[in-house]
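Reading through the structure tokens given below for one structure.
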Amino acid sequence: MTGVDFRPFAHLSAPNAELYRRIMGSFVQAKRRFIVHLRPEDVHESIGGDVPAIVDALSRLVEWGNLRADPDTSRVTTVEDFHRARFLYQLTHAGEAAEQALASYDEALGRRGALQAVALTDIATQLRVLLEMAQQDDPDPAKMHLSLRSLVDRFTDLADNAQAFMSSL
Numbered sequence: 001m002t003g004v005d006f007r008p009f010a011h012l013s014a015p016n017a018e019l020y021r022r023i024m025g026s027f028v029q030a031k032r033r034f035i036v037h038l039r040p041e042d043v044h045e046s047i048g049g050d051v052p053a054i055v056d057a058l059s060r061l062v063e064w065g066n067l068r069a070d071p072d073t074s075r076v077t078t079v080e081d082f083h084r085a086r087f088l089y090q091l092t093h094a095g096e097a098a099e100q101a102l103a104s105y106d107e108a109l110g111r112r113g114a115l116q117a118v119a120l121t122d123i124a125t126q127l128r129v130l131l132e133m134a135q136q137d138d139p140d141p142a143k144m145h146l147s148l149r150s151l152v153d154r155f156t157d158l159a160d161n162a163q164a165f166m167s168s169l
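Note that the UniProt record's numbering has the sequence shown beginning at 1, numbered continuously upward.
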């Protein structure tokens with residue numbers, strides 16, 4: 001896989017990985033609220049912790065491509081403020097994709113091995129529907145196809161979960 005940049009995942013194996021994950025989580029939450037830019041103070045308010053450590057972590061996340069830093073000139077009132085580096089941080093496309101991938105991974109691990117009584121009920125319901133359609137004089141092939149696909153999907157999910165459950169024993 002040449003040409004693929006995995007740097008947005010570098011924070012997972014770096015020291016302070018938990019801090020990086022919390023910071024990235026705060027950006028994901030902000031984006032869900034339609035907030036595009038965050039200042040270090042905003043991140044601190046969201047996750048707590050040490051502000052200098054957060055600023056350092058933000059810089060590292062910019063280096064890895066998870067965030068973009070833009071100069072923050074909105075609060076400049078003096079010459080000293082102008083010369084002091086202040087940034088607004090924004091989630092990059094690569095950073096957002098990495099967080100989506102991690103959320104999918106976390107979700108899959110959370111589901112893994114869980115017993116699915118609901119799946120058995122769904123399978124029984126689908127089988128009843130198929131039986132009713134089979135007893136019709138002229139069953140609708142499209143509905144039959146969709147029901148069979150749904151049944152196959154449910155069996156596949158159930159088999160995957162059973163395999164994960166057995167491997168966790």
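Beta carbons: idealized from backbone N, C-alpha and C, even for Gly. Keep in mind that this is a model prediction, so the values were computed, not measured.
Boundaries (first-last residue) of the alpha helix (DSSP H) holding residue i
{"i": "aspartate 56", "result": "51-64"}
{"i": "serine 46", "result": "40-47"}
Per-residue DSSP class, three states only, for residue i
{"i": "aspartate 5", "result": "coil"}
{"i": "phenylalanine 34", "result": "coil"}
{"i": "glutamine 90", "result": "strand"}
{"i": "proline 139", "result": "coil"}
{"i": "arginine 21", "result": "helix"}
{"i": "serine 13", "result": "coil"}
{"i": "methionine 144", "result": "helix"}
Whole-angstrom distance between residue j and residue i, CA atom to CA atom
{"i": "serine 46", "j": "serine 104", "result": "23 Å"}
{"i": "arginine 39", "j": "aspartate 70", "result": "10 Å"}
{"i": "leucine 88", "j": "glycine 48", "result": "18 Å"}
{"i": "aspartate 160", "j": "aspartate 122", "result": "16 Å"}
{"i": "proline 141", "j": "leucine 127", "result": "16 Å"}
{"i": "aspartate 56", "j": "arginine 154", "result": "47 Å"}
{"i": "residue 226", "j": "alanine 30", "result": "In the structure displayed, the chain extends from 1 to 169; residue 226 sits before or after that span and is not available."}
{"i": "leucine 151", "j": "alanine 162", "result": "16 Å"}
{"i": "residue 211", "j": "leucine 58", "result": "Because residue 211 is not part of the residues shown, which for the chain are 1 to 169, the question remains open."}
Unbroken beta strand (DSSP E) run spanning residue i, endpoints
{"i": "proline 71", "result": "67-71"}
C-beta atoms of residue i and residue j nearer than 9 Å
{"i": "threonine 125", "j": "proline 8", "result": "no"}
{"i": "glycine 65", "j": "aspartate 5", "result": "yes"}
{"i": "glutamine 90", "j": "valine 28", "result": "no"}
{"i": "serine 26", "j": "valine 51", "result": "no"}
Inter-residue CB distance, residue i and residue j (contact presumed, cutoff 8 Å)
{"i": "aspartate 157", "j": "alanine 108", "result": "Between alanine 108 and aspartate 157 the Cβ distance is about 12 Å, and since that is not below 8 Å, they are no contact."}
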